[in-house]
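*Asks:* One structure, pasted below without further comment.
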Amino acid sequence: MRVHIHDDGLRFRNGHSFDCDHAIASRLIELGHDVEVSAPHDARPDVHQGFRNLGITVRAHYTHNARADSGPDNEKAILTLAASLRETTSAEAWLFPTLTPQQVVAYSLVETVPRMLGLTHIDPGDMGRFGGQLWSNGCHRIHERKLPAVLGAIDPVVGAFTQSWSCGLPVHDLPVPLGGDVRKSPPKKARVVGFFGHQRDERGLAMLPGLVHELIGRGYEVVVHDTTARSRGDHPNLRVIPRFVDDLAGEMVRCDIVVCLMDRRYYRHRLSGIACFAAAAGIPFAVAAGGLPAVRFGRWSDAIGVYSELTVQDVTKTVDALASNYSAATARAAEMSAHWHANHGVHAFVDGFIDAMGG
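Structure below.
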(Lines of atoms letter the chains of each structure in order from A and count residues from 1; the text may use other names and numbers.)
(Lines give C-alpha, C1' and ligand atoms only; values in the text may rest on other atoms or scores of the structure.)
Protein backbone atom coordinates (compact mmCIF):
# COMPACT_ATOMS: atom_id res chain seq x y z
CA MET A 1 0.00 0.00 0.00
CA ARG A 2 1.23 3.48 -0.83
CA VAL A 3 0.77 5.68 2.26
CA HIS A 4 1.17 9.45 2.46
CA ILE A 5 1.68 10.94 5.94
CA HIS A 6 0.57 14.56 6.37
CA ASP A 7 1.58 16.41 9.54
CA ASP A 8 1.28 20.13 10.23
CA GLY A 9 3.60 19.69 13.25
CA LEU A 10 6.67 18.54 11.31
CA ARG A 11 8.42 21.88 11.45
CA PHE A 12 10.90 20.84 14.15
CA ARG A 13 12.38 17.71 15.70
CA ASN A 14 11.01 18.78 19.11
CA GLY A 15 7.53 17.77 20.23
CA HIS A 16 5.77 14.48 19.52
CA SER A 17 5.18 14.88 15.75
CA PHE A 18 8.63 13.91 14.51
CA ASP A 19 9.11 10.97 16.89
CA CYS A 20 5.62 9.64 16.18
CA ASP A 21 5.70 10.11 12.38
CA HIS A 22 9.22 8.76 12.00
CA ALA A 23 8.37 5.63 14.00
CA ILE A 24 5.16 5.06 12.05
CA ALA A 25 6.95 5.51 8.71
CA SER A 26 9.71 3.14 9.77
CA ARG A 27 7.21 0.46 10.78
CA LEU A 28 5.20 0.80 7.55
CA ILE A 29 8.41 0.42 5.53
CA GLU A 30 9.35 -2.68 7.57
CA LEU A 31 5.99 -4.16 6.57
CA GLY A 32 6.64 -3.52 2.90
CA HIS A 33 4.53 -0.41 2.33
CA ASP A 34 5.64 2.65 0.33
CA VAL A 35 5.69 5.82 2.42
CA GLU A 36 5.69 9.52 1.51
CA VAL A 37 5.64 12.46 3.93
CA SER A 38 4.33 16.04 3.66
CA ALA A 39 5.30 18.80 6.08
CA PRO A 40 5.09 22.61 6.37
CA HIS A 41 7.12 24.62 3.87
CA ASP A 42 9.51 25.81 6.60
CA ALA A 43 10.36 22.38 8.04
CA ARG A 44 13.87 22.47 9.51
CA PRO A 45 16.80 20.67 7.85
CA ASP A 46 17.05 18.09 10.63
CA VAL A 47 13.43 17.04 9.94
CA HIS A 48 14.35 16.41 6.30
CA GLN A 49 17.50 14.54 7.31
CA GLY A 50 15.64 12.34 9.77
CA PHE A 51 13.33 11.05 7.06
CA ARG A 52 16.12 10.82 4.49
CA ASN A 53 17.64 8.24 6.83
CA LEU A 54 14.56 6.13 6.01
CA GLY A 55 14.88 6.80 2.30
CA ILE A 56 12.02 9.34 2.31
CA THR A 57 12.22 12.81 0.75
CA VAL A 58 9.87 15.13 2.66
CA ARG A 59 7.53 17.29 0.59
CA ALA A 60 7.65 20.61 2.48
CA HIS A 61 5.00 22.65 0.73
CA TYR A 62 2.17 23.99 2.85
CA THR A 63 1.58 26.86 5.23
CA HIS A 64 1.87 26.08 8.92
CA ASN A 65 -1.19 27.16 10.91
CA ALA A 66 -1.79 24.72 13.74
CA ARG A 67 -4.19 26.92 15.72
CA ALA A 68 -7.51 28.16 14.39
CA ASP A 69 -7.46 31.73 15.69
CA SER A 70 -7.82 33.91 12.59
CA GLY A 71 -10.48 33.66 9.89
CA PRO A 72 -8.36 34.95 6.96
CA ASP A 73 -5.32 32.93 8.07
CA ASN A 74 -7.47 29.80 8.32
CA GLU A 75 -8.90 30.29 4.85
CA LYS A 76 -5.42 30.67 3.37
CA ALA A 77 -4.07 27.67 5.28
CA ILE A 78 -7.03 25.47 4.32
CA LEU A 79 -6.81 26.32 0.62
CA THR A 80 -3.05 25.69 0.68
CA LEU A 81 -3.58 22.38 2.47
CA ALA A 82 -6.25 21.34 -0.01
CA ALA A 83 -3.91 22.17 -2.91
CA SER A 84 -1.12 20.10 -1.34
CA LEU A 85 -3.49 17.19 -0.76
CA ARG A 86 -4.48 17.26 -4.44
CA GLU A 87 -0.81 16.71 -5.30
CA THR A 88 -0.75 13.47 -3.29
CA THR A 89 -3.91 11.73 -4.47
CA SER A 90 -1.86 8.98 -6.12
CA ALA A 91 -1.45 7.50 -2.63
CA GLU A 92 -3.81 4.71 -1.65
CA ALA A 93 -4.17 6.02 1.90
CA TRP A 94 -3.56 9.25 3.75
CA LEU A 95 -2.53 9.28 7.41
CA PHE A 96 -2.83 12.38 9.59
CA PRO A 97 -1.07 11.38 12.86
CA THR A 98 -1.96 14.74 14.47
CA LEU A 99 -5.21 15.79 12.79
CA THR A 100 -6.06 19.51 12.88
CA PRO A 101 -9.38 21.26 12.12
CA GLN A 102 -7.84 22.83 9.01
CA GLN A 103 -6.84 19.40 7.71
CA VAL A 104 -10.38 18.08 8.27
CA VAL A 105 -11.83 20.92 6.18
CA ALA A 106 -9.11 20.65 3.51
CA TYR A 107 -9.76 16.91 3.15
CA SER A 108 -13.49 17.61 2.70
CA LEU A 109 -12.73 20.04 -0.17
CA VAL A 110 -10.60 17.75 -2.34
CA GLU A 111 -12.51 16.38 -5.32
CA THR A 112 -11.16 12.83 -5.33
CA VAL A 113 -9.59 11.45 -2.16
CA PRO A 114 -8.12 8.12 -1.04
CA ARG A 115 -8.99 6.49 2.25
CA MET A 116 -7.89 8.53 5.25
CA LEU A 117 -7.22 7.99 8.96
CA GLY A 118 -6.75 10.98 11.23
CA LEU A 119 -5.75 10.87 14.89
CA THR A 120 -6.61 13.75 17.19
CA HIS A 121 -4.66 14.41 20.39
CA ILE A 122 -6.71 17.36 21.69
CA ASP A 123 -10.36 18.39 21.95
CA PRO A 124 -11.01 20.35 18.68
CA GLY A 125 -12.63 23.04 20.81
CA ASP A 126 -9.21 23.68 22.37
CA MET A 127 -7.50 24.10 18.98
CA GLY A 128 -7.93 27.86 18.74
CA ARG A 129 -10.92 30.17 18.63
CA PHE A 130 -12.48 28.55 15.55
CA GLY A 131 -11.19 25.01 16.06
CA GLY A 132 -14.46 23.34 16.97
CA GLN A 133 -16.42 25.18 14.29
CA LEU A 134 -13.94 24.26 11.56
CA TRP A 135 -13.88 20.63 12.69
CA SER A 136 -17.67 20.44 12.58
CA ASN A 137 -17.84 22.10 9.15
CA GLY A 138 -15.31 19.64 7.74
CA CYS A 139 -17.02 16.61 9.29
CA HIS A 140 -20.38 17.77 7.92
CA ARG A 141 -18.96 17.87 4.39
CA ILE A 142 -17.23 14.50 4.86
CA HIS A 143 -20.55 13.02 6.00
CA GLU A 144 -22.51 14.61 3.14
CA ARG A 145 -20.03 13.43 0.51
CA LYS A 146 -19.65 9.99 2.11
CA LEU A 147 -15.86 10.30 1.99
CA PRO A 148 -13.74 7.33 3.19
CA ALA A 149 -12.49 8.97 6.39
CA VAL A 150 -11.77 7.27 9.73
CA LEU A 151 -11.43 9.55 12.76
CA GLY A 152 -9.64 8.42 15.91
CA ALA A 153 -8.60 9.85 19.27
CA ILE A 154 -5.54 9.19 21.39
CA ASP A 155 -7.65 8.83 24.56
CA PRO A 156 -11.32 8.06 25.34
CA VAL A 157 -11.72 11.44 27.06
CA VAL A 158 -10.35 13.25 24.00
CA GLY A 159 -12.56 11.03 21.86
CA ALA A 160 -15.71 12.01 23.77
CA PHE A 161 -15.03 15.71 23.29
CA THR A 162 -14.10 15.15 19.64
CA GLN A 163 -17.31 13.18 19.06
CA SER A 164 -19.35 16.19 20.11
CA TRP A 165 -17.88 18.19 17.19
CA SER A 166 -17.95 15.43 14.57
CA CYS A 167 -21.51 15.61 13.18
CA GLY A 168 -22.29 11.96 13.73
CA LEU A 169 -19.04 10.60 12.28
CA PRO A 170 -17.76 7.91 14.68
CA VAL A 171 -14.56 8.69 16.58
CA HIS A 172 -12.61 5.52 17.35
CA ASP A 173 -10.42 4.89 20.39
CA LEU A 174 -7.06 4.08 18.75
CA PRO A 175 -3.76 2.77 20.17
CA VAL A 176 -1.32 5.47 21.21
CA PRO A 177 1.58 5.35 18.68
CA LEU A 178 4.29 5.93 21.28
CA GLY A 179 6.58 3.48 23.04
CA GLY A 180 10.12 2.17 23.07
CA ASP A 181 12.61 0.45 25.30
CA VAL A 182 11.52 -1.27 28.51
CA ARG A 183 13.70 -0.88 31.58
CA LYS A 184 15.15 -4.29 32.35
CA SER A 185 16.60 -4.16 35.88
CA PRO A 186 15.46 -1.20 38.00
CA PRO A 187 17.68 -0.29 40.94
CA LYS A 188 16.51 -0.69 44.52
CA LYS A 189 16.92 3.02 45.18
CA ALA A 190 15.90 5.99 43.04
CA ARG A 191 18.93 8.06 42.20
CA VAL A 192 18.48 9.65 38.74
CA VAL A 193 15.61 12.06 37.97
CA GLY A 194 14.94 12.96 34.33
CA PHE A 195 13.18 15.82 32.54
CA PHE A 196 12.39 15.17 28.88
CA GLY A 197 10.48 16.62 25.96
CA HIS A 198 10.11 20.00 24.33
CA GLN A 199 10.54 22.68 26.97
CA ARG A 200 8.02 25.51 26.89
CA ASP A 201 6.17 27.75 29.35
CA GLU A 202 3.22 25.39 29.91
CA ARG A 203 5.72 22.67 30.84
CA GLY A 204 7.36 24.54 33.71
CA LEU A 205 10.28 26.01 31.79
CA ALA A 206 10.65 28.97 34.14
CA MET A 207 10.89 26.84 37.30
CA LEU A 208 13.17 24.14 35.91
CA PRO A 209 16.52 25.67 36.95
CA GLY A 210 15.36 26.09 40.55
CA LEU A 211 13.92 22.59 40.63
CA VAL A 212 17.13 21.07 39.26
CA HIS A 213 19.12 22.94 41.92
CA GLU A 214 16.81 21.67 44.68
CA LEU A 215 16.92 18.04 43.53
CA ILE A 216 20.70 18.04 43.26
CA GLY A 217 20.88 19.54 46.72
CA ARG A 218 18.79 16.64 48.00
CA GLY A 219 21.26 14.11 46.60
CA TYR A 220 19.68 13.20 43.27
CA GLU A 221 21.42 13.09 39.93
CA VAL A 222 19.48 15.00 37.28
CA VAL A 223 19.16 14.59 33.52
CA VAL A 224 17.73 17.49 31.48
CA HIS A 225 16.74 17.15 27.85
CA ASP A 226 17.57 20.73 26.88
CA THR A 227 15.56 21.35 23.70
CA THR A 228 15.94 25.12 24.11
CA ALA A 229 19.76 24.92 24.19
CA ARG A 230 19.85 27.10 27.31
CA SER A 231 22.61 26.45 29.81
CA ARG A 232 21.48 24.71 33.00
CA GLY A 233 24.68 25.24 34.91
CA ASP A 234 27.67 23.03 35.56
CA HIS A 235 27.50 20.35 38.25
CA PRO A 236 28.87 16.79 38.40
CA ASN A 237 25.38 15.48 39.23
CA LEU A 238 23.75 17.22 36.24
CA ARG A 239 23.76 15.76 32.73
CA VAL A 240 22.38 17.91 29.92
CA ILE A 241 21.21 16.30 26.67
CA PRO A 242 21.32 19.10 24.09
CA ARG A 243 18.61 19.66 21.50
CA PHE A 244 17.33 16.37 20.11
CA VAL A 245 18.05 12.69 20.55
CA ASP A 246 17.40 9.90 18.09
CA ASP A 247 16.39 7.49 20.85
CA LEU A 248 14.41 9.39 23.47
CA ALA A 249 13.08 6.22 25.12
CA GLY A 250 16.63 4.87 25.31
CA GLU A 251 17.71 7.94 27.27
CA MET A 252 14.69 7.76 29.55
CA VAL A 253 15.32 4.17 30.68
CA ARG A 254 18.59 5.37 32.19
CA CYS A 255 16.55 7.38 34.71
CA ASP A 256 14.83 6.12 37.85
CA ILE A 257 12.05 8.72 37.98
CA VAL A 258 10.76 10.89 35.13
CA VAL A 259 9.12 14.22 35.96
CA CYS A 260 6.51 15.57 33.54
CA LEU A 261 6.22 19.24 34.37
CA MET A 262 2.86 20.59 33.20
CA ASP A 263 0.42 23.39 33.83
CA ARG A 264 -2.80 21.46 34.40
CA ARG A 265 -4.83 24.11 32.55
CA TYR A 266 -3.27 22.92 29.29
CA TYR A 267 -3.50 19.21 30.09
CA ARG A 268 -7.08 18.70 31.30
CA HIS A 269 -8.05 17.06 27.99
CA ARG A 270 -4.59 16.28 26.68
CA LEU A 271 -2.11 13.46 27.23
CA SER A 272 1.62 13.87 27.75
CA GLY A 273 3.89 12.10 25.26
CA ILE A 274 6.62 11.91 27.88
CA ALA A 275 4.24 10.25 30.37
CA CYS A 276 3.34 7.72 27.66
CA PHE A 277 7.01 6.99 26.98
CA ALA A 278 7.62 6.54 30.72
CA ALA A 279 4.61 4.23 31.07
CA ALA A 280 5.82 2.15 28.14
CA ALA A 281 9.32 1.94 29.62
CA GLY A 282 8.12 0.96 33.09
CA ILE A 283 9.58 4.02 34.83
CA PRO A 284 7.78 5.69 37.76
CA PHE A 285 6.85 9.25 36.85
CA ALA A 286 5.26 12.42 38.21
CA VAL A 287 2.40 14.42 36.65
CA ALA A 288 0.05 17.23 37.65
CA ALA A 289 -3.15 16.61 39.59
CA GLY A 290 -6.25 17.40 37.55
CA GLY A 291 -4.67 16.67 34.19
CA LEU A 292 -5.61 13.88 31.79
CA PRO A 293 -2.29 11.99 32.34
CA ALA A 294 -3.10 11.63 36.05
CA VAL A 295 -6.52 10.23 35.14
CA ARG A 296 -5.23 7.96 32.36
CA PHE A 297 -2.58 6.32 34.54
CA GLY A 298 -4.37 6.60 37.88
CA ARG A 299 -5.00 2.85 38.15
CA TRP A 300 -1.25 2.39 38.64
CA SER A 301 -1.15 4.90 41.48
CA ASP A 302 1.91 3.38 43.18
CA ALA A 303 3.92 4.02 40.01
CA ILE A 304 2.95 7.65 39.49
CA GLY A 305 3.36 10.67 41.69
CA VAL A 306 0.83 13.50 41.48
CA TYR A 307 1.82 17.03 42.46
CA SER A 308 -0.88 19.52 43.42
CA GLU A 309 0.85 22.70 42.28
CA LEU A 310 3.52 23.43 39.71
CA THR A 311 6.04 24.63 42.27
CA VAL A 312 9.53 23.53 43.26
CA GLN A 313 8.25 22.54 46.70
CA ASP A 314 5.35 20.38 45.48
CA VAL A 315 7.25 18.66 42.68
CA THR A 316 10.20 17.92 44.96
CA LYS A 317 7.86 16.45 47.59
CA THR A 318 6.30 14.22 44.91
CA VAL A 319 9.70 12.96 43.72
CA ASP A 320 10.69 12.22 47.32
CA ALA A 321 7.44 10.28 47.87
CA LEU A 322 8.10 8.07 44.83
CA ALA A 323 11.69 7.53 45.93
CA SER A 324 10.69 6.61 49.50
CA ASN A 325 8.56 3.68 48.28
CA TYR A 326 10.58 2.85 45.20
CA SER A 327 10.29 -0.94 45.25
CA ALA A 328 6.48 -0.73 45.14
CA ALA A 329 6.69 1.98 42.48
CA THR A 330 8.90 -0.09 40.18
CA ALA A 331 6.77 -3.21 40.60
CA ARG A 332 3.63 -1.33 39.65
CA ALA A 333 5.46 0.43 36.81
CA ALA A 334 6.39 -2.96 35.35
CA GLU A 335 2.69 -3.92 35.31
CA MET A 336 1.86 -0.59 33.67
CA SER A 337 4.50 -1.23 31.00
CA ALA A 338 3.16 -4.70 30.24
CA HIS A 339 -0.36 -3.31 29.83
CA TRP A 340 0.93 -0.54 27.57
CA HIS A 341 2.75 -2.88 25.23
CA ALA A 342 -0.25 -5.20 25.05
CA ASN A 343 -2.52 -2.37 23.91
CA HIS A 344 -0.47 0.53 22.54
CA GLY A 345 2.72 1.43 20.73
CA VAL A 346 3.69 1.99 17.11
CA HIS A 347 3.11 -1.63 16.06
CA ALA A 348 -0.43 -1.67 17.46
CA PHE A 349 -1.24 1.68 15.89
CA VAL A 350 0.11 0.72 12.47
CA ASP A 351 -1.79 -2.58 12.59
CA GLY A 352 -4.97 -0.65 13.36
CA PHE A 353 -4.28 1.82 10.55
CA ILE A 354 -3.73 -0.96 8.00
CA ASP A 355 -6.93 -2.72 9.09
CA ALA A 356 -8.92 0.53 8.86
CA MET A 357 -7.57 1.16 5.36
CA GLY A 358 -8.53 -2.31 4.22
CA GLY A 359 -5.06 -3.88 4.30
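Residue numbering for the sequence shown follows this note's numbering, starting at 695 and increasing by one per position.
Heads up, the beta-carbon is just placed ideally off N, CA and C, and yes, glycines get one too.
Over the uninterrupted alpha helix (DSSP H) stretch that includes residue 909, give me the two end residues.
*Replies:* Working through the sequence shown from its first residue, we reach residue 909 at position 215. Note, residue 909: alpha helix (DSSP H), 902-911.
*Asks:* Locate the beta strand (DSSP E) running through residue 812, then write down its first and last residues.
*Replies:* Reading the sequence shown from its first residue, position 118 is the one you call residue 812. Taken as a continuous stretch (DSSP letters only), the beta strand (DSSP E) holding residue 812 covers 809-814.
*Asks:* When the Cα of residue 972 is compared with those of 962, 857, 782 and 951, which residue comes out closest?
*Replies:* Taking the first residue of the sequence shown as position 1, residue 972 is located at position 278. When only C-alpha atoms are compared, the closest one is 951.
*Asks:* Consult DSSP for residue 930 and reduce its assignment to one of helix, strand or coil.
*Replies:* On the sequence shown, position 236 is the one that residue 930 refers to. Correct three-state label for residue 930: coil.
*Asks:* Taking the DSSP output, what are the residues bridged to residue 1001?
*Replies:* By 1-based counting over the sequence shown, the position of residue 1001 is 307. DSSP links residue 1001 through a beta bridge to 982.
*Asks:* Looking only at its own chain, which residues have a Cβ that is under 8 Å from the Cβ of residue 939, when we skip the five neighbours before and after it?
*Replies:* If you number the sequence shown from 1, residue 939 lands on position 245. Hits under 8 Å: 919 and 945.
*Asks:* What distance in whole Å lies between the Cβ atoms of residue 996 and residue 1023, which are believed to be in contact at a cut-off of 8 Å?
*Replies:* On the sequence shown, residue 1023 is found 329 positions in, with the first residue counted as 1. On the sequence shown, residue 996 is found 302 positions in, with the first residue counted as 1. Contact holds; Cβ gap of about 6 Å.
*Asks:* Would residue 797 and residue 700 qualify as a contact pair, given that the criterion is a beta-carbon distance under 9 Å?
*Replies:* As a working mapping, residue 797 is identified with position 103 in the sequence shown. As a working mapping, residue 700 is identified with position 6 in the sequence shown. Closer than 9 Å, so yes.
*Asks:* Taking a contact to mean a Cβ-Cβ separation below 9 Å, would you say residue 790 touches residue 822 in this structure?
*Replies:* Taking the first residue of the sequence shown as 1, we reach residue 790 at position 96. Taking the first residue of the sequence shown as 1, we reach residue 822 at position 128. 9 Å or more divides the Cβ of residue 790 from the Cβ of residue 822.
*Asks:* I'd like to know if the stretch 735-742 and the stretch 955-967 are in contact, where contact means that at least 3 CB-CB pairs between them fall below 8 Å.
*Replies:* Output reads no: the stretch 955-967 does not touch the stretch 735-742.
*Asks:* With three or more C-beta pairs closer than 8 Å as the rule, is the stretch 882-891 touching the stretch 982-991?
*Replies:* no
*Asks:* Counting Cβ pairs, one atom from each stretch, are 3 or more of them under 8 Å apart for the stretch 827-838 and the stretch 858-873?
*Replies:* At 8 Å Cβ cutoff, the stretches touch.
*Asks:* What does the Cβ neighbour count give for residue 740, buried or exposed, with the cut at 16 atoms within 10 Å?
*Replies:* What you label residue 740 is simply residue 46 of the sequence shown in a count that begins at 1. Classified as exposed, residue 740 has fewer than 16 neighbouring CB atoms from the shown chains inside 10 Å of its CB.
*Asks:* So which of 957, 893 and 695 has the shortest CA-CA distance to residue 1003?
*Replies:* One-based indexing of the sequence shown puts residue 1003 at position 309. Ranking the options by Cα distance to residue 1003, first place goes to 957.
*Asks:* Taking residue 753 as the reference, give the member of 782, 771 and 800 with the closest Cα.
*Replies:* Locating residue 753 in the sequence shown gives position 59, counting from the first residue. Closest by alpha carbon: 782.
*Asks:* Specify the secondary structure class of residue 790 as computed by DSSP and reduced to three states.
*Replies:* Mapped onto the sequence shown, residue 790 falls at position 96. If DSSP states are grouped into helix, strand and coil, residue 790 belongs with the strands.
*Asks:* Taking the continuous beta strand (DSSP E) assigned at residue 753, which residues delimit it?
*Replies:* Numbered from its first residue, the sequence shown carries residue 753 at position 59. Here the beta strand (DSSP E) through residue 753 covers 753-756.
*Asks:* Report the residue from 905, 770, 928 and 793 whose alpha carbon sits nearest the alpha carbon of residue 1006.
*Replies:* In the sequence shown, counting from the first residue as 1, residue 1006 sits at position 312. Looking at the Cα atoms, 905 is the closest of the given residues.
*Asks:* Can you tell me where the alpha helix (DSSP H) with residue 853 in it begins and where it stops?
*Replies:* Stepping through the sequence shown from its first residue, residue 853 is reached at position 159. 850-857 is the span of the alpha helix (DSSP H), which, as asked, contains residue 853.
*Asks:* Using three-state DSSP, classify residue 1029 as helix, strand or coil.
*Replies:* For the purposes of this step, residue 1029 is identified with residue 335 of the sequence shown, where counting begins at 1. Reduced to three states, the DSSP call for residue 1029 is helix.
*Asks:* Between residue 991 and residue 901, what straight-line distance do the alpha-carbon atoms span, to the nearest angstrom?
*Replies:* Working through the sequence shown from its first residue, we reach residue 991 at position 297. Working through the sequence shown from its first residue, we reach residue 901 at position 207. Approximately 25 Å, taken between the alpha carbons.
*Asks:* Find out if the Cβ-Cβ distance for the pair residue 943, residue 873 is shorter than 9 Å.
*Replies:* If you number the sequence shown from 1, residue 943 lands on position 249. If you number the sequence shown from 1, residue 873 lands on position 179. Taking 9 Å as the Cβ cut-off, residue 943 and residue 873 qualify as a contacting pair.
*Asks:* Using only the alpha-carbon positions, how far apart do residue 743 and residue 903 sit?
*Replies:* Along the sequence shown, one-based indexing puts residue 743 at 49. Along the sequence shown, one-based indexing puts residue 903 at 209. One alpha carbon belongs to residue 743, the other to residue 903, and they sit about 32 Å apart.
*Asks:* Near residue 721, which residues of its chain fall below 8 Å by C-beta distance, leaving aside the five closest residues on each side in sequence?
*Replies:* Here residue 721 corresponds to residue number 27 of the sequence shown, with the count starting at 1. For residue 721, where only same-chain residues beyond five positions count, the Cβ hits under 8 Å are 1040, 1041 and 1044.
*Asks:* With contact counted as at least three CB pairs below 8 Å, one residue from each stretch, are the stretch 804-818 and the stretch 838-846 in contact?
*Replies:* yes
*Asks:* Please classify residue 1021: is it buried, with 16 or more other beta-carbons within 10 angstroms of its beta-carbon, or exposed?
*Replies:* Residue 1021 sits at position 327 when you count from the first residue of the sequence shown. Looking at its Cβ environment, which holds fewer than 16 other Cβ atoms inside 10 Å, residue 1021 is exposed.
*Asks:* Round the Cβ separation of residue 871 and residue 1017 to the nearest angstrom and send it over; I've been treating them as touching at under 8 Å.
*Replies:* On the sequence shown, position 177 is the one that residue 871 refers to. On the sequence shown, position 323 is the one that residue 1017 refers to. The beta-carbon separation of residue 871 and residue 1017, rounded to 31 Å, does not stay under the 8 Å limit for a contact.
*Asks:* Would you list the one or two residues that DSSP bridges to residue 951?
*Replies:* By 1-based counting over the sequence shown, the position of residue 951 is 257. Residue 951 pairs with 887.
*Asks:* Would DSSP call residue 737 helix, strand or coil?
*Replies:* For the purposes of this step, residue 737 is taken as residue 43 along the sequence shown, with counting starting at 1. In the structure shown, residue 737 sits in coil (DSSP, three-state: anything other than H, G, I, E or B).
*Asks:* Return helix, strand or coil for residue 915, following the three-state DSSP convention.
*Replies:* Position 221 of the sequence shown holds residue 915. In the structure shown, residue 915 sits in a strand (DSSP, three-state: E or B).
*Asks:* Work out the CA separation of residue 868 and residue 1035 for me, nearest whole Å.
*Replies:* The residue you call residue 1035 lines up with position 341 of the sequence shown. The residue you call residue 868 lines up with position 174 of the sequence shown. Their backbone Cα atoms lie some 14 Å apart in a straight line.
*Asks:* According to DSSP, what are the bridge partners of residue 699?
*Replies:* Here the question's residue 699 lines up with position 5 in the sequence shown. In DSSP, residue 699 forms a bridge with 731 and 789.
*Asks:* What separation, rounded to the nearest whole angstrom, lies between the Cα atoms of residue 846 and residue 793?
*Replies:* Along the sequence shown, one-based indexing puts residue 846 at 152. Along the sequence shown, one-based indexing puts residue 793 at 99. About 9 Å.
*Asks:* Measure the Cβ-Cβ separation of residue 954 and residue 1038 and say whether it is below 9 Å.
*Replies:* Position 260 of the sequence shown, counted from the start, is the residue given in the question as residue 954. Position 344 of the sequence shown, counted from the start, is the residue given in the question as residue 1038. Not closer than 9 Å, so no.
*Asks:* Can you grab the Cα-Cα spacing for the pair residue 829 / residue 771, in whole Å?
*Replies:* In the sequence shown, counting from the first residue as 1, residue 829 sits at position 135. In the sequence shown, counting from the first residue as 1, residue 771 sits at position 77. So the two alpha carbons sit approximately 14 Å from each other.
*Asks:* Return the Cβ separation of residue 672 and residue 910 in integer angstroms, given the expectation that the two are a contact with Cβ distance under 8 Å.
*Replies:* Residue 672 falls outside the range modelled here, since the chain spans only 695 to 1053, and no answer is possible.
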